[in-house]
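For reference, the structure discussed in these notes is given below.
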Amino acid sequence: MALELVTIPCLSDNYAFLLHDDESGATALVDIPEAAPILAVADARDWAITEVWITHHHADHVQGLPEVLTAHGAVVRGGAADAHRLPPLDHAHAGEETFEFAGHTVRVIDVPGHTTGHIAYHVAAAGVVFTADSLMALGCGRLFEGTAEQMWASLQRLMALPSETTVCSGHEYTASNAKFALTIDPDNSDLISRSMAIDAARAAGEATVPSTLALEMATNPFLRASDPNIRARLGMTDASDVQVFAEIRARKDAF
Numbered sequence: 001m002a003l004e005l006v007t008i009p010c011l012s013d014n015y016a017f018l019l020h021d022d023e024s025g026a027t028a029l030v031d032i033p034e035a036a037p038i039l040a041v042a043d044a045r046d047w048a049i050t051e052v053w054i055t056h057h058h059a060d061h062v063q064g065l066p067e068v069l070t071a072h073g074a075v076v077r078g079g080a081a082d083a084h085r086l087p088p089l090d091h092a093h094a095g096e097e098t099f100e101f102a103g104h105t106v107r108v109i110d111v112p113g114h115t116t117g118h119i120a121y122h123v124a125a126a127g128v129v130f131t132a133d134s135l136m137a138l139g140c141g142r143l144f145e146g147t148a149e150q151m152w153a154s155l156q157r158l159m160a161l162p163s164e165t166t167v168c169s170g171h172e173y174t175a176s177n178a179k180f181a182l183t184i185d186p187d188n189s190d191l192i193s194r195s196m197a198i199d200a201a202r203a204a205g206e207a208t209v210p211s212t213l214a215l216e217m218a219t220n221p222f223l224r225a226s227d228p229n230i231r232a233r234l235g236m237t238d239a240s241d242v243q244v245f246a247e248i249r250a251r252k253d254a255f
């Protein structure tokens with residue numbers, strides 16, 4: 001039986017995710033921006049949260065954990081590099097480690113840039129990757145701690161996943177990201193279509209997360225540093241990919 005994915009809006013623009021295996025009853029929670037909406041969904045579905053997977057240390061991704069653990073006796077996983085500033089972990093994982101969830105292999109991917117200890121979780125059996133604030137819908141996380149070189153390398157690791165992979169990112173920033181993307185890649189017909197669909201979805205109160213890796217690679221300017229049209233528009237035809245990426249990130253920071 002396929003793993004079931006549920007997207008849970010939290011706070012003003014965060015997302016948490018539940019990944020449920022019906023056969024075993026195991027349920028993983030990815031990030032904990034606030035407890036109430038997560039517990040409401042779990043209770044409504046009669047799911048016991050058995051694991052919590054933390055992507056990075058920022059408060060809007062961990063602050064609901066104590067209340068969740070009071071209600072559910074879950075095992076907590078997170079990045080080994082950030083163990084000193086995460087809530088207490090039962091399992092601390094380095095990049096490229098794997099662990100088993102309900103008989104399914106979960107790969108941990110190092111994705112520094114937004115923070116130096118950020119990790120992502122790829123569950124091939126579900127065709128999903130939980131990227132939080134590394135690869136985002138039409139964007140990437142601001143470089144609060146890491147460098148452009150680190151983030152570009154992180155995005156390349158994620159781009160190597162199968163194109164049909166569902167990308168579960170951490171925030172509803174897609175509409176503003178689309179406005180910026182159109183300043184970088186204005187003639188991209190896929191981006192124009194996506195921007196219109198995003199506006200319609202938000203007008204209807206619908207989420208724009210998750211997305212797919214194929215859609216991100218076709219429309220997300222942060223993944224398109226090698227595109228000749230973008231390079232020409234930026235006046236960076238002869239620059240390296242990471243230099244183009246850094247310029248796009250700097251422009252977004254000032255947008």
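The sequence shown begins at 1 in UniProt numbering and counts up one residue at a time.
All C-beta atoms, glycine included, are put in the ideal place defined by N, C-alpha and C.
With a 10 Å radius around its C-beta and 16 neighbouring C-beta atoms as the bar for buried, classify residue i as buried or exposed.
i      : result
Ala59  : exposed
Ala120 : buried
Gly64  : buried
Ser240 : exposed
Gly141 : buried
Glu164 : exposed
Ala35  : buried
Between which two residues does the beta strand (DSSP E) harbouring residue i extend?
i     : result
Trp53 : 51–53
Leu29 : 27–30
Return the CA-CA distance between residue i and residue j, expressed in angstroms with no decimal places.
i      : j      : result
Gly78  : Leu29  : 12 angstroms
Asn229 : His91  : 45 angstroms
Val106 : His93  : 11 angstroms
Thr33  : Thr55  : One detail in the question is off: residue 33 reads as Pro in this sequence, not Thr. If I take the Cα positions, the gap works out to 11 angstroms.
Arg233 : Arg194 : 21 angstroms
Ala204 : Ile198 : 10 angstroms
Ser226 : Ala178 : 19 angstroms
Gly235 : Leu19  : 44 angstroms
What does DSSP give as the partner residues of residue i in its beta bridges?
i      : result
Val6   : Leu18
Glu100 : Thr105
Leu135 : Cys140
Asp110 : Ile119
Ser169 : Ala132
His93  : Gly79
Ser240 : For Ser240, which the question treats as bridged, DSSP gives no partner whatsoever.
How about residue i: is its C-beta nearer than 7 angstroms to some C-beta of chain B?
i      : result
Glu216 : The question asks about chain B, but that chain is absent: this structure has only one protein chain.
Give me, in chain order, the residues of the same chain whose beta-carbon lies closer than 7 angstroms to that of residue i; leave out the 5 immediate sequence neighbours on both sides.
i      : result
Ser211 : Ala137, Val167
Gly95  : Val108, Ile109, Asp110, Ile119
For residue i, which residues in the same chain have their Cβ closer than 8 angstroms to its Cβ, ignoring the five residues on either side in sequence?
i      : result
Ala207 : Thr7, Pro9, Tyr15, Glu172, Ala201
Beta-carbon within less than 6 angstroms of residue i's beta-carbon, same chain only, minus the 5 sequence neighbours each way: which residues are those?
i     : result
Ser98 : Here residue 98 is Thr; the residue named in the question, Ser, does not match the sequence. So the list reads Thr105, Arg107, once near-sequence residues are dropped.
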